[in-house]
Amino acid sequence: MNHLSNLFNENERKTYFQFAKLNLPRHTSYPSSNHWTKSSDSIPWKREMAAIVKTGRPLSVYVHVPFCEKLCHYCGCNKLIISRNNEDSDAFAKRYLQGIEQELAHLTSVDRWNVQQIHFGGGTPTWLKPHIFTRLWDLILKNVNLSPSAEVSIELDPRVTTTAHLQTLRDLGFNRISLGVQDFDSNVQSAIERIQPFEMVKSFVDECRSLGLNNINFDLIYGLPRQTRHSMSQTLEKVCQLSPDRIAFYRLALMPEVFKWQRTFQQSEIPDDDSVLDMMLMATKIFQNHNYQFIGLDHFAKATDELSRSMLDGTLKRSFQGMTTGDVLPVIGLGPSAISSTDNFFHQNEPVFQSWTRKVAEDIPTVKHYKLSDDDLICRWCINQLYCYRKLDKDLFEATFHKSFDSFFSHRLAALTELETLNIILLNQRQITLKPYVGWLLLRVVAAVFDKFLGPEDWKIGLPSGVASRVG
Ligand code: SF4
C-alpha cells in the first residue's frame, strides 16, 4: 500500500509490530474494572450518590437494555438473546421495566436528579417495542429534572429499529443516535452474522435525518473475518458517503476464550496483522480526506463537530462513556451490568439479567465498586491527557497536582526514555508527545506506563490474554 507509506515507514512498521500483539488495557476506565473490589455491599454507592445528588450537580444517566434479537459473532457486550417472536419476550420486557422501577426506588431520595445527559445502550434498546420504550422513559422522567438542553442519545440497530421507534424517539426529544454499522461488505456481514446491506443503512440514515434525528454516530470494527484492504476501502468510502458526524473505528477485541461465539470465526479468514494495520492507516487517511479529525485512539469527528473543536481548544474530556466536550458528569447507571461513576468512585450492577431482577427486588444490585485514591486520580489524569491530546504537559501536571512530575513518576522515567529511543514518543524538558502515527496507534503502550496497577515492565511485556485485549 504505497500510498500509506507517508503515514508509516518501514521502521515504524517494525516498531508497531513489536507491540501490536501485546495485551494491554484500553483504559476505558482507570483503574480497569478487573481491579475494582467485588462486593455486594450497596451502602458505599448509596452514600456516594446521595452526597452527589445533594449538591444539585448536573448528572448523566445511563440505561442498559440487555436484550438482542440475534447474536452478532464479534460481540463483547453484556446482552441476552431473545427473539421478539419468542412468546416470552413480553414477559422479559415486563420484568426488565419492573427491575428499573425498583432500582429507581432504591436510588431516588427526596432530592430529584438534575439530568444533563441520558444515554440508552445495550444490548439493543429498540428491542423494546415503542410503547414499552415510552413507559421506560416515563419511569425515569418521573424521578428527574431533565434540562431543556440535555443530550439524549441512544444506540440503534438498523435491523430492528422501526419507523414507529424513530418517531417515538423524535417525540421524546432524542437528539443523538449511534448506529452499529461495523462493515458494509456482504461477506464480512455473513461471517459475523450481522446482515444489514448498505441500501438498508442508507435508507435508515435518510429516515433518521428526515425526522430531525440529525446528530449521527457510526460504530465500525476492523480486524473482522473476511475483511481485506480492498473491502475496507469500499466500506470506508460508503461510510463517508453517508456522512456521519462522528465515527468510532474500533479494533476487534478477538478474545474467543472470553467471547465463546467468536470461535465460529475461521482462523484463515482473520486478516493478518499487516492488513489490519493498513486498514487503520487507510481509515485515518480516508477520513482525513473527508475532513474528519482523528480523536483519541479510535474516534473521528467532522472538523466542525464540537468534539474536534474541543480537542483543539483544550476542553476535550474523557470518561468511561467515551469522549465528551463539557464537564465529566457523575453517571448513574441503571439496568444489568450498568456502571455508575462520580469523580472518584465506580460502581457496577449485577450483569446477569435473572440475578439482576432477583437482587434489584431487594436492594441496589451491586457486584463491584471502587474508590479512587489520590494517586489513582493522578494516574487517570495523565492517561486521559494522552487519550485526548496525545501529549502530557509537565507544567500543567504540576499546576494541577502541586507535585513534581519527575518525582511522582520517578520509577517510570526509564520506560519513557526507552519509548523515546523507540521513536514512539518525543520527550523534551516539559512535554511528552506521542509521535504521529506510530505513537498515536501505540497510545495504549504509552498509557500503560502511567498505570500503577501494572508492573514497570508490563508496557513491553503485556498481560495474559483474557485480562486485556491486543493493542493492534
Ligand atoms: S446487537 Fe450489539 S449487543 Fe446485541 S449481539 Fe449484536 S453486537 Fe452484541
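The working numbering puts the first residue of the sequence shown at 53, with every later residue one more than the last.
Here a beta-carbon is modelled for each residue, glycine too, at the ideal position from N, C-alpha and C.
From a predicted model like this one, the values you see are computed outputs, not experimental measurements.
Please report the straight-line C-alpha distance between residue i and residue j, rounded to a whole angstrom.
i    : j    : result
G524 : R303 : 7 Å
N166 : P200 : 11 Å
N61  : L494 : 15 Å
L525 : G173 : Any property of residue 525 remains undetermined from this structure, which presents the chain solely from 53 to 524.
N401 : F119 : 16 Å
N267 : C292 : 15 Å
S94  : S85  : 17 Å
N130 : G175 : 7 Å
L180 : Q481 : 55 Å
S135 : F144 : 11 Å
T280 : E321 : 10 Å
P110 : L294 : 34 Å
L76  : A305 : 11 Å
T336 : S392 : 32 Å
H171 : Q248 : 24 Å
R65  : D426 : 38 Å
I244 : A216 : 28 Å
A353 : L359 : 7 Å
K312 : G385 : 27 Å
Y439 : L506 : 18 Å
F339 : E509 : 35 Å
N475 : V162 : 56 Å
D447 : M334 : 35 Å
L465 : D458 : 7 Å
L59  : Q406 : 49 Å
V204 : Q169 : 6 Å
E100 : Q345 : 37 Å
L263 : L424 : 43 Å
K146 : D190 : 14 Å
T356 : M375 : 16 Å
V310 : S285 : 30 Å
L240 : T377 : For clarity, residue 240 is Val in the given sequence; the question names Leu instead. Their Cα atoms are separated by approximately 34 Å.
S462 : L479 : 15 Å
Taking the alpha carbon of residue i as the reference point, which residue from the options has its own alpha carbon closest?
i    : options                : result
D271 : D209, D427, T376, P388 : D209
H342 : R298, T452, G385       : R298
A102 : L156, P77, F144        : L156
T394 : S262, M307, F457, Y422 : Y422
R261 : S230, S285, I273       : S230
H399 : Y114, F453, A72        : Y114
T107 : F397, P417, G378, P382 : P382
F256 : Q219, Y274, Y148       : Q219
May I ask whether a heavy atom of the ligand SF4 can be found less than 6 Å away from the beta carbon of residue i?
i    : result
T176 : yes
K312 : no
L123 : yes
K455 : no
D209 : yes
K90  : no
C129 : yes
C120 : yes
So, helix, strand or coil for residue i, using DSSP?
i    : result
I476 : coil
L76  : strand
Y68  : helix
E289 : helix
R99  : helix
V117 : strand
Y148 : helix
V412 : helix
L506 : coil
S94  : coil
L263 : coil
R222 : helix
L381 : coil
G174 : strand
F130 : A small correction: the amino acid at residue 130 is Asn; Phe does not occupy that position in the sequence shown. N130: coil per DSSP, three-state reduction.
H421 : strand
I347 : strand
F405 : helix
S283 : helix
R522 : strand
T107 : helix
S517 : strand
Have a look at the DSSP bridge pairing and note the partners of residue i.
i    : result
K443 : T485
N269 : S230, R298
L438 : Answer is none; L438 lacks a bridge partner.
Q169 : S112, E203
R32  : This structure cannot settle anything about residue 32, because the visible part of the chain is limited to 53 through 524.
G374 : S371
L198 : V167
A353 : R298, Q345
S392 : H399
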